[in-house]
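Chemist: My questions will all concern the structure given below.
Residue numbers (the numbering used here): 105 to 1088.
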């Protein structure tokens, strides 16, 4: 296919041709082209289909506001759906496919929806598919799901990488048009640390699309020279292909840099995109303005575009959508388009100007006071029907139509912190309101200053003021003379009497839909948006909102400012989820934390399990063991018979220090801690503010002003955050400091009858480990292995004589090896999390399955721990009647009547003879295991009035697993219920 619509000149490299493919047709373009400009040059106007009615659509714009020309790029794993052809940079070998059509773009079977449009008016999905009810799941939903969505995924892993980065600056300038360049030059030469970000590959903004002179040179040359001048400044960072996505708290902005999107494959070691978090002291928004359309009958045919976009395609990309073009305008900007096109050799068949006093044209006909009442052309525009000021109708032949209804300042980023735009009657557009993100000032066209001179001046003035505010001597550069044409516009929003006039072209919202919304009382702009989907497409209403508000104002009998406008949300333009994820994918989705004994455990052939972000040894299989239960049973039996060692480093560890440390813990825990002696440990239960159990653990008092708190592995972060909240917000006057030391100490549980004997071979001899010298629940700072600082806690999770010994993490690997060597004479065994779980169930200890966010101290059998003699978080609300009902759930033990039967976790308990339903549910199993010490399955469960039902036989039912048999209610303490072993 030849480039039939290619013009001379432009900012592309016409000396070199590159090939690309669109819908299986190969074509030629040039470096510097976008996909849209190259397609137009090759005579292609039809690039997509609309979402709802599948109407033929071509590009409306030349930038990121594009609602129509949405395509799929690339093949295979790199397939990228929903990409704007207007911003996709052309490269050799680029492949693109149109989307939202079947079987082809020219013949789309789903365009039948357009014939049935009367059934799909605004809000149809709220009124249909309701009857018969049975049809929803079997018929309606499958059809809707098949038709929904735009584009398709490759369903393969993305081979490219995405990165994240952090930048800091005195001044962030958003937009590298004339205002942004003038601001950057002023701030940079004044010594500020400046970041200038622009979504385009070329700095200059509209200067690259216009024929304006800047002094004695073309505007695009001035922009290029200024960019070079900025690049030479060490304190200025010029970031092209970078879209600022959102304005967040404290001067923080999110920005997406498209590092390699313009290349077939990212260079070795380079990411495809980088998501930047930019910390700025001040910011200038110089994002320019977006041209808005006029709404009229069949205004969506391929070839109907914004007049400014036609100018951009001609001046920058040296292309035109057709050789004969008409213009429909309500302002002088439309005439500028006509003049530029004529200068490029394109025939302008007419300029239809809605103003009766429209200026005369040279080289083209002006139809003053005229309107366009209809258009023709099935897959592309062929002619328009015009009604002149006298009411006479005529046809104007054209292959493209440029529409200019005025310009809207790009206010999106000013709204990201609830700022609402205000109406400016001078330019008939919304401008930034009084509430802006912290440190932001708006310059140039984004603030309603549309002339090039005003943009330059405002950018330089604002930057100079910011430099002075930040303590710098402002250096103002010499700015070139530039056009300063006053705005000449008469508002004209839509042509009256149109039957199907399109407002939001991507979501197929018509003027009639807006009027219907008003008729059905959806008059608030927020309701209008959701009822009609106006402004909910990928362009967030950049090309449609103002016209929609104007039509609503007209039917409501109000002014546009009275109707108001919706606000905008991040991101400014559609952003790939991969960019937000960065490198957090696959095994890097979150960090993998390894215990200090991990490499030793690998050497022993351990099987590992993910516990939060930790990898923990689950069990240690030995030769001849063919089932995990064999390994776990051995570890449990060997530990209870002699001694076992388990790495418990993953338990949360929080150092609490300060004169008020004891009083602070007394507030945090529901049981008493104020009088805990130095050298002792106490078990503690922590409640949420609503009285529900949050976590359990221990607090060891190493000194009067120093405690070490342990938490469960799963809640380590949650508890630390909670404690910091209490410290900073609830008890700011307390002298207490917190620090997480989970990773600072390697900690090992040494449990079993020979635990003391093993430790006596490791702990330095001056420390007395006898039962009298170091009793149950004692703690202390010790040394091991000839002087290595360590901590020792006599606490037990297994129910056996047990200790937890902690050494600095860097000695963790050496410590596990030393312990195993010292325990060889006692037939020591390393045990993993499964054996740990079995022993804690045998002992009746609550863990994560019981601390599930719904249980109370009463449910756990710890109701008496909630002290009534002090104030603590959650204590008052834990006494609510609803949490203390007579038949409240209580923690109990279960064993099967038939000892050969399993007791699965999650099973429910029913009285014998009662129906199996929620109304008769008596409780549920939380934790279950096979006990090698008892020779049968056991479980912990919550049972209504469980403390009064010991010995009762219940039915255990698990419909999901097909289990149903009788179980006996017993004490949760299956092994050593009196606690003699752990006190030995």
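Don't be surprised by glycine CBs; every beta carbon is placed ideally from N, CA and C.
Alpha carbon to alpha carbon, how far is residue 129 from residue 210? Give it in angstroms, no decimals.
Modeler: Those two C-alpha atoms are separated by around 13 Å.
Chemist: Taking only runs that begin and end inside the region 759-794, name each unbroken beta strand (DSSP E) of 3 or more residues, in chain order.
Modeler: 785-791, all fully within the region 759-794.
Chemist: Counting pairs of beta carbons, one from the region 307-327 and one from the region 404-422, are three or more of them closer than 8 Å?
Modeler: The answer is yes - the region 404-422 touches the region 307-327, with three or more Cβ pairs under 8 Å.
Chemist: Quick one: give me the first and last residue of the beta strand (DSSP E) that residue 914 is part of.
Modeler: First-last for residue 914: undefined, no H or E at that position.
Chemist: Count Cβ pairs between the region 450-458 and the region 429-436 that sit closer than 8 Å; are there 3 or more?
Modeler: Taking 8 Å as the limit for Cβ pairs, the verdict is that the region 429-436 does touch the region 450-458.
Chemist: Could you check whether residue 334 and residue 292 sit closer than 7 Å to each other, using their CB atoms as the reference points?
Modeler: Yes; because the gap between Cβ atoms is below 7 Å, this pair is in contact.
Chemist: If I measure Cβ to Cβ from residue 743 and keep anything under 8 Å in the same chain, skipping five residues before and after, which residues do I get?
Modeler: The answer, listed in chain order, is 855, 856, 902, 904, 933, 935, 939, 943.
Chemist: Return the residue from the list 970, 187, 253 that minimises the CA-CA distance to residue 984.
Modeler: Ranking 970, 187, 253 by Cα distance to residue 984 puts 970 first.
Chemist: Curious, which full-length alpha helix (DSSP H) runs of at least 4 residues does the region 410-462 contain?
Modeler: The qualifying runs are 411-419, 437-447.
Chemist: Per DSSP, what kind of secondary structure is residue 235 in: helix, strand or coil?
Modeler: Coil, per DSSP.
Chemist: Give the DSSP bridge partners of residue 500, in chain order.
Modeler: 488.
Chemist: Closer than 6 Å by C-beta to residue 804: which residues in its own chain qualify, once you throw out the five before and the five after it? Chain order, please.
Modeler: Here the set comprises 785, 812, 883, 897.
Chemist: Counting Cβ pairs closer than 8 Å, one from the region 193-210 and one from the region 123-139, do we hit at least three?
Modeler: At 8 Å Cβ cutoff, the stretches touch.
Chemist: Determine, using beta-carbon pairs with one atom in the region 517-524 and one in the region 463-480, whether at least three such pairs fall under 8 Å.
Modeler: The answer is no - the region 463-480 does not touch the region 517-524, with fewer than three Cβ pairs under 8 Å.
Chemist: Given residue 308, which residues of its chain have a CB within under 6 Å of its CB, disregarding the five upstream and five downstream residues?
Modeler: Only 324, 327 meet the Cβ criterion.
Chemist: Buried or exposed: residue 529, going by 16 or more other Cβ atoms within 10 Å of its Cβ?
Modeler: Counting Cβ neighbours within 10 Å, residue 529 comes out exposed, since fewer than 16 surround it.
Chemist: Is DSSP giving residue 320 helix, strand or coil here?
Modeler: Of the three classes helix, strand and coil, the one that applies to residue 320 here is coil, per DSSP.
Chemist: Give a yes or no on whether the minimum CB-CB distance between residue 657 and chain C is below 7 Å.
Modeler: As a matter of chain content, chain C is missing from the structure shown, which is built from one protein chain.
Chemist: Helix, strand or coil for residue 125? Go by DSSP, reduced to three states.
Modeler: The answer is strand: DSSP assigns residue 125 an E or B state.
Chemist: Which of the three DSSP states, helix, strand or coil, is assigned to residue 851?
Modeler: Residue 851: strand per DSSP, three-state reduction.
Chemist: Only counting the same chain, and skipping five residues up and downstream in sequence, which positions put a Cβ closer than 7 Å to that of residue 255?
Modeler: Hits under 7 Å: 176, 185, 186, 203.
Chemist: Among residues of its own chain, excluding the 5 on either side of residue 725, which ones have a beta-carbon nearer than 7 Å to its beta-carbon?
Modeler: Excluding residues within five positions, the ones whose Cβ falls inside 7 Å are 709, 711, 735.
Chemist: Residue 404 and residue 644 - do their beta-carbons sit closer together than 7 Å?
Modeler: No, the Cβ-Cβ distance between residue 644 and residue 404 is not below 7 Å.
Chemist: Ignore the nearest five residues each way along the sequence and tell me which others in residue 242's own chain have a CB closer than 7 Å to its CB.
Modeler: So the list is empty, once near-sequence residues are dropped.
Chemist: With residue 88 and residue 801 assumed to form a contact (beta carbons below 8 Å), what rounded beta-carbon distance in angstroms separates them?
Modeler: A query on residue 88 cannot be resolved here, the shown segment of the chain reaching from 105 to 1088 and no further.
Chemist: Please name the residue, chosen from 152, 376, 958, 378, that lies closest to residue 798 on a Cα-to-Cα basis.
Modeler: Out of 152, 376, 958, 378, 958 has the C-alpha closest to the C-alpha of residue 798.
Chemist: If we call anything under 7 Å between Cβ atoms a contact, is residue 520 one with residue 351?
Modeler: Contact: yes.
Chemist: Tell me which same chain residues have a C-beta within less than 7 Å of the C-beta of residue 113, skipping the five on either side of it?
Modeler: 422.
Chemist: Residue 712 bridges to which residues according to DSSP?
Modeler: Residue 712 pairs with 721.
Chemist: Please confirm whether any heavy atom of the ligand ATP lies closer than 6 Å to the CB of residue 158.
Modeler: In the structure on display, the ligand ATP does not appear, and there are no ligands present to speak of.
Chemist: Taking all protein chains shown into account, do 16 or more other C-beta atoms lie within 10 angstroms of the C-beta of residue 252, making it buried, or fewer, making it exposed?
Modeler: Residue 252 is exposed by the Cβ-count criterion.
Chemist: DSSP three-state label for residue 1002, please.
Modeler: Residue state, collapsed to three classes: coil.
Chemist: What does a CB cutoff of less than 6 Å around residue 370 pick up in its chain, not counting 5 residues either side in sequence?
Modeler: Result list for residue 370: 264, 364, 376, in chain order.
Chemist: Between the Cα of residue 145 and the Cα atoms of 1046, 615, 427, 924, which residue gives the shortest distance?
Modeler: Selected option, being the one with the closest Cα: 427.
Chemist: Taking 7 Å as the cut-off, decide whether the C-beta atoms of residue 286 and residue 560 are in contact.
Modeler: Closer than 7 Å, so yes.
Chemist: Would you mind stating whether residue 280 and residue 302 have Cβ atoms separated by less than 7 Å?
Modeler: Contact flag set, yes.
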